[in-house]
Amino acid sequence: MLTTAGRTGAILELTWDRVDFDLRIIKLATNDIGPRKGRATVPINDTLMAALQDSQAAALSRFVVEWGGRPVKSIKTGFNAAVARAGIEHCTPHDLRRTAGRFMAENGVPIEEIASYLGHTNPNTTRSTYSQFSPDYLRRAAGSLEFGKPRLVQRTRRLTPE
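The sequence shown begins at 3 in the numbering used here and counts up by one.
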């Protein structure tokens, strides 16, 4: 879920016919008419490619996420158990989507690209949530507070008492 930044419903409804290994993309939307709750087409990175190839080799159904050949309807129980085993106090599947957005922002990915990846129709939604994680966030504002050419004074600490 982290590498696609997809919503839980989009991941659970994903079928193999929407995974294009040649183009290395996943269509999270169920049809081409329009996005349903902002489902994007996302690239497959190397980490996800390896996991998908293994999963497809073992697939028993047309669903990417399955159990015993049947689609998984909810990951709540398993996810909560994994969170507890990891010793994490609170985490939801949607937190993985937010984490993906934050990782992208922290790596300097432009907000417009993050918005497209997350399937947001309005980049302002993305900006209000993730811009503060950008390494350049407020840098221009800080630069406007430079006055003249400040002199930095190197302070050294004596290692031996006087």
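Each residue gets a CB set at the ideal place from its N, CA and C atoms; glycine is no exception.
Computed from a predicted model, the values in this text were never measured in an experiment.
Where residue i falls: helix, strand or coil (DSSP)
i: Asn113; result: Correcting the residue identity first, residue 113 is Ile in this sequence and not Asn. Ile113: helix per DSSP, three-state reduction.
i: Glu15; result: coil
i: Phe135; result: helix
i: Arg159; result: coil
i: Arg72; result: strand
Residue i classed as buried or exposed, judged by whether at least 16 other C-beta atoms fall within 10 angstroms
i: Glu15; result: buried
i: Leu120; result: buried
i: Thr79; result: exposed
i: Leu62; result: exposed
i: Thr128; result: buried
Start and end residues, alpha helix (DSSP H) containing residue i
i: Val85; result: 78 to 87
i: Thr101; result: 95 to 108
i: Ala143; result: 141 to 145
For residue i, the first and last residue of its enclosing beta strand (DSSP E)
i: Thr49; result: Per DSSP, Thr49 belongs to no beta strand (DSSP E); it is in the alpha helix (DSSP H), 48 to 60.
i: Ile28; result: 27 to 29
i: Val44; result: 43 to 45
Whole-angstrom C-beta distance between residue j and residue i, which should lie under 8 Å
i: Thr10; j: Lys29; result: With a Cβ gap of about 17 Å, Thr10 and Lys29 do not count as contacting.
i: Arg72; j: Ile46; result: Not confirmed; about 24 Å, so no contact.
i: Pro125; j: Glu114; result: 5 Å
i: Val66; j: Val21; result: 7 Å
i: Gly110; j: Tyr132; result: At roughly 12 Å, the Cβ-Cβ gap does not stay under 8 Å, so Gly110 and Tyr132 are not in contact.
Test: residue i CB closer than 9 Å to a CB of chain C
i: Glu108; result: Absent from the structure is chain C; it holds one protein chain and no more.
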